[in-house]
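Please read the structure below before turning to the comments.
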Amino acid sequence: MKRQNVRTLALIICTFTYLIVGAAIFDVLESEEETSQRTDLNTSKRELLIKYNLSEVGFDELERVVLQLKPHKAGVQWKFAGSFYFAITVITTIGYGHAAPSTDGGKAFCMAYALLGIPLTLVMFQSLGERINTLVRYLLHRLKRCMGMRRAEVSMVNMVIIGFVSCMSTLCVGALAFSHFEGWSFFHAYYYCFITLTTIGFGDYVALQKDEALQKKPEYVAFSFIYILTGLTVIGAFLNLVVLRFMTMNAEDERRDAERRTLLAAGAGANGQAGERLRCVVDGASCSSTPSGCAGDSAMGGGGGGCSGVGGGGGGGGAAGRGLRNMYAEVLHFQSMCSCLWYKSREKLQYSIPMIIPRDLSSSDAYMEQGEAFTNPLHSNGCVCSMHQHSGISSVSTGLHSINAYRGLTKRRSSV
Numbered sequence: 001m002k003r004q005n006v007r008t009l010a011l012i013i014c015t016f017t018y019l020i021v022g023a024a025i026f027d028v029l030e031s032e033e034e035t036s037q038r039t040d041l042n043t044s045k046r047e048l049l050i051k052y053n054l055s056e057v058g059f060d061e062l063e064r065v066v067l068q069l070k071p072h073k074a075g076v077q078w079k080f081a082g083s084f085y086f087a088i089t090v091i092t093t094i095g096y097g098h099a100a101p102s103t104d105g106g107k108a109f110c111m112a113y114a115l116l117g118i119p120l121t122l123v124m125f126q127s128l129g130e131r132i133n134t135l136v137r138y139l140l141h142r143l144k145r146c147m148g149m150r151r152a153e154v155s156m157v158n159m160v161i162i163g164f165v166s167c168m169s170t171l172c173v174g175a176l177a178f179s180h181f182e183g184w185s186f187f188h189a190y191y192y193c194f195i196t197l198t199t200i201g202f203g204d205y206v207a208l209q210k211d212e213a214l215q216k217k218p219e220y221v222a223f224s225f226i227y228i229l230t231g232l233t234v235i236g237a238f239l240n241l242v243v244l245r246f247m248t249m250n251a252e253d254e255r256r257d258a259e260r261r262t263l264l265a266a267g268a269g270a271n272g273q274a275g276e277r278l279r280c281v282v283d284g285a286s287c288s289s290t291p292s293g294c295a296g297d298s299a300m301g302g303g304g305g306g307c308s309g310v311g312g313g314g315g316g317g318g319a320a321g322r323g324l325r326n327m328y329a330e331v332l333h334f335q336s337m338c339s340c341l342w343y344k345s346r347e348k349l350q351y352s353i354p355m356i357i358p359r360d361l362s363s364s365d366a367y368m369e370q371g372e373a374f375t376n377p378l379h380s381n382g383c384v385c386s387m388h389q390h391s392g393i394s395s396v397s398t399g400l401h402s403i404n405a406y407r408g409l410t411k412r413r414s415s416v
């Protein structure tokens, strides 16, 4: 199974496990309190019915009116300041629920507005988060260099720590401000800031809903808007560090798998071509069937042959030289493949592919130098070039290739 599939399955299992654990904990913490509150409310309802001589129908009507009046306790909600506040809660997906469009036109426009505004806002916060992280990384790198630290590189751990501290500082500043303006406790104000900046937006605590603050406190309104947008940017920068790294893992794995498949396909094709060319060199009987011709086994120390001419002394100097040069390149083609296969078995071969030498490689190639050949080709781990015959090819150690019979030289490729 691919790593991407395993990771996705693990994330699904972890998410549902996290949900189950959270549900169990909330059940333990809240269910008893909910039952107690419901009992108290029913008791209060009966007392009100008796005290004011209300019927059930009259009480339900009174309850409906009270609920409809609740959004208007803060004053007018749909002037420009209140509409701007509502628009922020829409495109940031906070959605307090303190106000909602009541007309069909307003509801239709709200859906269209959110459809375009939410992606735009997410991209904006993502881009701002990246810019902030880049700036922080640059400043931290310069600070480390100024302090003379040996390692001035900024690690992911450094960035995560800075992001976490920034988030906590932002939440604390907001908690202090809202506890002062709204009269909440510090804990409740901190809870409001956290629920807001994580875009959960329960709506149990909503700023700017007391004493007609939207119309009478413009400074506080401006601070609230700026704080929400700035806080979302800081939180977005931190989540960009923590979350997006895992989100890009699947894409990186897909790219890596595609590159591996391409390299293996190229290596398989190169191996096939090298194997066809090797028959001309190793087996003299088949040299006449190869497309490029053969120069003869005798020049390679093979002894025997059906090949015409280089070591056998026939065919003329120019033709013999070209034939010997072709055979030399053919052998190097196969040696590159053979040594790679000897160095790494097929199941371990992930990114390595056989090194293919062009046919016009001459004996004065700058990448060749004299060296020692591996003397025991039988230990080549199943390499196809390990033969019991006396051929000019021997399996060698890592990156070594030898042609013993050609001018008495042993050659090595340094690139394998």
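The sequence shown begins at 1 in the UniProt record's numbering and counts up by one.
Backbone N, C-alpha and C fix where the C-beta goes; we use that ideal spot for every residue, glycine too.
Just so it is clear, the structure is predicted and the values come from calculations on it, not from any experiment.
Residue i to residue j span [Cα, whole Å]
| i | j | result |
| --- | --- | --- |
| R255 | A266 | 17 Å |
| R145 | N158 | 15 Å |
| N240 | C193 | 20 Å |
| A108 | T233 | 29 Å |
| A175 | K2 | 46 Å |
| I162 | V242 | 12 Å |
| F16 | P71 | 36 Å |
| L128 | A207 | 25 Å |
| I235 | L139 | 19 Å |
| L29 | T92 | 30 Å |
| I88 | L41 | 35 Å |
| F178 | F202 | 17 Å |
| A213 | A189 | 17 Å |
| G106 | S83 | 11 Å |
| I94 | K51 | 41 Å |
| Q37 | Q4 | 47 Å |
| L264 | I132 | 41 Å |
| R150 | D204 | 51 Å |
| G22 | T35 | 19 Å |
| K79 | E32 | 41 Å |
| F26 | Y18 | 12 Å |
| F86 | A258 | 47 Å |
| G183 | I13 | 42 Å |
| residue 418 | V173 | One cannot answer for residue 418 here, as it falls past the ends of the chain, which runs 1 to 416. |
| V160 | Y227 | 22 Å |
| I20 | T199 | 22 Å |
| P119 | D211 | 34 Å |
| T262 | A251 | 17 Å |
| D253 | A24 | 36 Å |
| E63 | R46 | 14 Å |
| M195 | L229 | A small fix is needed here, since residue 195 is Ile in this sequence, not Met. Whole-angstrom Cα-Cα distance: 14 Å. |
| L11 | F246 | 11 Å |
| L143 | E130 | 20 Å |
| residue 418 | A268 | Past the edges of the chain, shown from 1 to 416, lies residue 418, and the structure says nothing about it. |
Cut-off 8 Å between Cβ atoms - residues of its own chain near residue i, not counting five sequence neighbours on either side
| i | result |
| --- | --- |
| residue 463 | With the chain covering 1 to 416 only, the question about residue 463 has no answer from this structure. |
| E56 | L49 |
| H141 | A152, E153, V154 |
| Y191 | Y205 |
Own chain partners of residue i with C-beta closer than 7 Å, once the 5 adjacent residues on each side are dropped
| i | result |
| --- | --- |
| S364 | Confidence at S364 is low in this model, with a pLDDT of 41, below 50, so its placement is unreliable and the value that follows should be read with caution. Excluding positions up to five away in sequence, the list is empty. |
| G117 | V90, I91 |
| S224 | A207, L208 |
| F181 | Y220 |
| R137 | V154, M159 |
Assumed close pair residue i, residue j - CB separation to whole angstroms, cut-off 8 Å
| i | j | result |
| --- | --- | --- |
| A74 | Q209 | 4 Å |
| F238 | F164 | 7 Å |
| M249 | R7 | 7 Å |
| L197 | G231 | 4 Å |
Close Cβ partners of residue i (< 6 Å) along its chain, the five nearest in sequence each way excluded
| i | result |
| --- | --- |
| L9 | none |
Jot down the residue ranges of each uninterrupted beta strand (DSSP E) in the region 138 to 172, minimum 3 residues, whole runs only, in chain order.
List check, beta strand (DSSP E) in window: nothing returned.
Three or more C-beta pairs below 8 Å linking the region 60 to 69 and the region 163 to 178:
Remark: fewer than three beta-carbon pairs, one from each stretch, lie closer than 8 Å, so the region 60 to 69 and the region 163 to 178 are not flagged as touching.
Under 8 Å, with one C-beta from each stretch per pair, do the region 112 to 119 and the region 203 to 220 reach the 3-pair mark?
With a cut-off of 8 Å on Cβ pairs, the region 112 to 119 is not in contact with the region 203 to 220, counting fewer than three such pairs.
Which whole runs of the beta strand (DSSP E) in the UniProt domain "Potassium channel" (168 to 243) are 3 residues long or more, in chain order?
Counting only runs of 3 or more, we get nothing.
With contact counted as at least three CB pairs below 8 Å, one residue from each stretch, are the region 121 to 130 and the region 98 to 105 in contact?
The region 121 to 130, when compared against the region 98 to 105, does not touch it at the 8 Å Cβ threshold.
Of all the alpha helix (DSSP H) runs that stay within the bounds of the region 76 to 105, which reach a length of 4 or more residues?
Note on the region 76 to 105: whole alpha helix (DSSP H) runs with a minimum of 4 residues are 80 to 91, in chain order.
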